[in-house]
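Counting in the numbering used here, the final residue of the sequence shown is number 322, and the numbers go up one at a time with none missing.
Just so you know, even glycine gets a beta-carbon here, dropped at the ideal spot from N, CA and C.
Everything numeric in this text was worked out from a predicted model, so none of it was measured.
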Amino acid sequence: MRWTTPRTRGVKLVLRSAVSLALLAALMHAVGWSNVWRTLTGADPAWAALGGALALLANTACAWRWRALVRWLRHEVPWPWAWVAYLRGVALNAVLPGATVGGDVWRAWALQRTGLDWPHASASVVLDRLSGLWGLALLGGGCAVAALLADAAALRGVQPGGTPGPWAAALGVAVVALAWLPRALLRGGVAPTGGRHRWWGWWATLAQHEPARHWRQQLLASVGAQAVTVAALWAAGQAVGLSLAWWWLAPAAVPIFVAAALPVGMGGWGTREAASAAVLALLDVPPAQAVGMSLLFGAYALLQAPLGLLPLPRQPGSA
């Protein structure tokens with residue numbers, strides 16, 4: 004593995020911090036600093052606190068999903084270890100450049116130290132991210148189908164007198180196909196390189212270790228975790244006075260969360276707020292509220308960061 008020098012890491016830190024600050028500054032200037040400040044200072048403390056609690060619950064669900072993936076790879080880690088390790092990764096993602104990269108690399112390294120080889124350890128983290136993205140797409144697509152059928156006029160691009168049925172049906176088929184895609188791939192068995200190259204050994208393990216049961220586990224865990232995450236975002240929106248139905252916020256959260264995960268800034272700051280303002284404008288949400296909601300949601304990760312200082316529980320049998 005190729006490691007960067009401290010000087011290179013320092014340059015990347017400065018550059019990515021500058022990208023985040025520049026994006027935020029440009030966005031705040033366009034929206035109006037006073038408008039965003041007024042929105043944040045007028046936030047409802049009860050809704051904001053509920054959003055923080057939901058964000059912690061969402062990360063707890065994500066930690067459970069990651070541990071289930073590790074068990075699918077036939078490796079055991081205790082639940083307390085998985086929870087602290089996941090929260091430490093979240094903390095690193097919140098304070099290090101590169102969005103979700105820093106904490107994910109640390110999780111793979113920590114998992115390797117428990118006895119799992121590096122290809123499987125790194126695969127667990129990559130698959131965990133893919134599982135989260137999969138669950139987000141399924142949740143957003145499913146909610147979009149329901150929203151189109153129940154309230155098509157809420158989306159500016161859909162005329163009140165139109166017929167959203169065909170669009171909803173096509174999207175519904177796509178959601179079902181996406182839900183079954185991992186199981187179909189697993190049913191295909193081991194990839195041709197799976198038995199010959201150690202970096203593909205994880206695929207053989209997944210395909211041969213109760214794939215149907217673990218696929219159901221990941222389906223429920225990923226959709227559930229993303230539902231709670233969207234609920235945290237929705238609570239942050241309620242705190243700043245954003246009256247938007249949860250089933251419309253779920254589809255909008257897909258590009259917002261993807262933008263936050265892009266490794267171009269620091270902790271998702273800037274990219275998340277820009278995506279919030281752009282996407283929620285389609286739902287007639289004022290930009291100050293969209294940006295305020297996103298900033299408050301981003302603060303939840305910073306407030307959880309001290310949990311990353313918890314000592315990592317010792318593995319049973321370790322010296």
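{"Asked": "Sufficient close CB pairs (3 or more, under 8 Å) joining the region 30–46 to the region 243–255", "Found": "yes"}
{"Asked": "Alpha-carbon spacing of A126 relative to A182, whole angstroms", "Found": "20 Å"}
{"Asked": "Given 8 Å, three or more beta-carbon pairs between the region 68–78 and the region 219–234", "Found": "yes"}
{"Asked": "9 Å Cβ cutoff met for A263 and W249", "Found": "no"}
{"Asked": "CB contact flag (W251, C146, <9 Å)", "Found": "yes"}
{"Asked": "Nearest to P316 (by Cα), restricted to the options D107, R74, A113, M31", "Found": "A113"}
{"Asked": "Beta-carbon proximity check, P254 vs A150, cutoff 9 Å", "Found": "yes"}
{"Asked": "L139, buried or exposed, once every other Cβ within 10 Å from all chains shown has been counted against 16", "Found": "buried"}
{"Asked": "Limits of the alpha helix (DSSP H) - the one that R116 falls within", "Found": "It is not in any alpha helix (DSSP H) - R116 carries neither H nor E in the DSSP assignment."}
{"Asked": "G135 versus V261 - alpha carbon distance", "Found": "10 Å"}
{"Asked": "Between the CA atoms of A61 and A210 - distance to the nearest angstrom", "Found": "28 Å"}
{"Asked": "Own chain residues within Cβ distance below 7 Å of L298, not counting five before or after", "Found": "L43, E276"}
{"Asked": "Local Cβ density within 10 Å of W169, reported as buried at 16 or more and exposed below that", "Found": "For the sequence presented, residue 169 should be read as Pro rather than Trp. Exposed: under 16 other Cβ atoms inside 10 Å."}
{"Asked": "Exposure label - P185; buried when at least 16 CB within 10 Å", "Found": "buried"}
{"Asked": "Bridge-paired residues (DSSP) for M296", "Found": "DSSP lists no partner for M296."}
{"Asked": "Pairwise C-alpha distance: L59 and Q115", "Found": "25 Å"}
{"Asked": "Residue burial classification, V129 (beta-carbon count within 10 angstroms, cutoff 16)", "Found": "exposed"}
{"Asked": "Euclidean distance between Cα positions of P163 and N38", "Found": "Per-residue confidence for P163 stands at a pLDDT of 48, beneath the threshold of 50, marking its modelled position as unreliable; the derived number appears in the next sentence. Cα to Cα, P163 sits roughly 32 Å from N38."}
{"Asked": "Cβ-based burial, W109 [other Cβ within 10 Å; buried from 16]", "Found": "buried"}
{"Asked": "Inter-residue spacing [alpha-carbon to alpha-carbon] between V2 and R41", "Found": "Look at the range of the chain in this structure, 4 to 322, and you will see that residue 2 is not part of it."}
{"Asked": "Coil, strand or helix - A308 by DSSP", "Found": "helix"}
{"Asked": "Exposure of G55, with buried meaning 16 or more beta-carbon neighbours within 10 Å", "Found": "buried"}
{"Asked": "Runs of alpha helix (DSSP H) lying entirely within the region 170–257, each at least 4 residues, in chain order", "Found": "204–211, 214–242"}
{"Asked": "Neighbour-count burial assignment, D287, 16 or more Cβ in a 10 Å radius", "Found": "exposed"}
{"Asked": "Cutoff 7 Å; reference T258; Cβ partners in own chain excluding five residues on either side", "Found": "Going by the sequence as given, residue 258 is Pro instead of Thr. Closer than 7 Å at Cβ, skipping near neighbours: A278, V282."}
{"Asked": "Rounded straight-line distance, which links the Cα of R190 to that of Y303", "Found": "39 Å"}
{"Asked": "Cβ neighbours of A238 in the same chain (closer than 8 Å, five flanking residues each side left out)", "Found": "W50, A51, L53, G54, L57"}
{"Asked": "Enclosing alpha helix (DSSP H) for P83 [first to last residue]", "Found": "82–98"}
{"Asked": "Separation of Q292 from R27, as counted between CA atoms", "Found": "Reading off the sequence, residue 27 comes out as Leu, not Arg. Their Cα atoms are separated by approximately 15 Å."}
{"Asked": "Best match in G35, V73, H123 for proximity to Q220 [C-alpha to C-alpha]", "Found": "V73"}
{"Asked": "C-alpha distance - G92 paired with E213, whole-angstrom precision", "Found": "28 Å"}
{"Asked": "Status (buried if at least 16 other CB within 10 Å, exposed otherwise) for R77", "Found": "exposed"}
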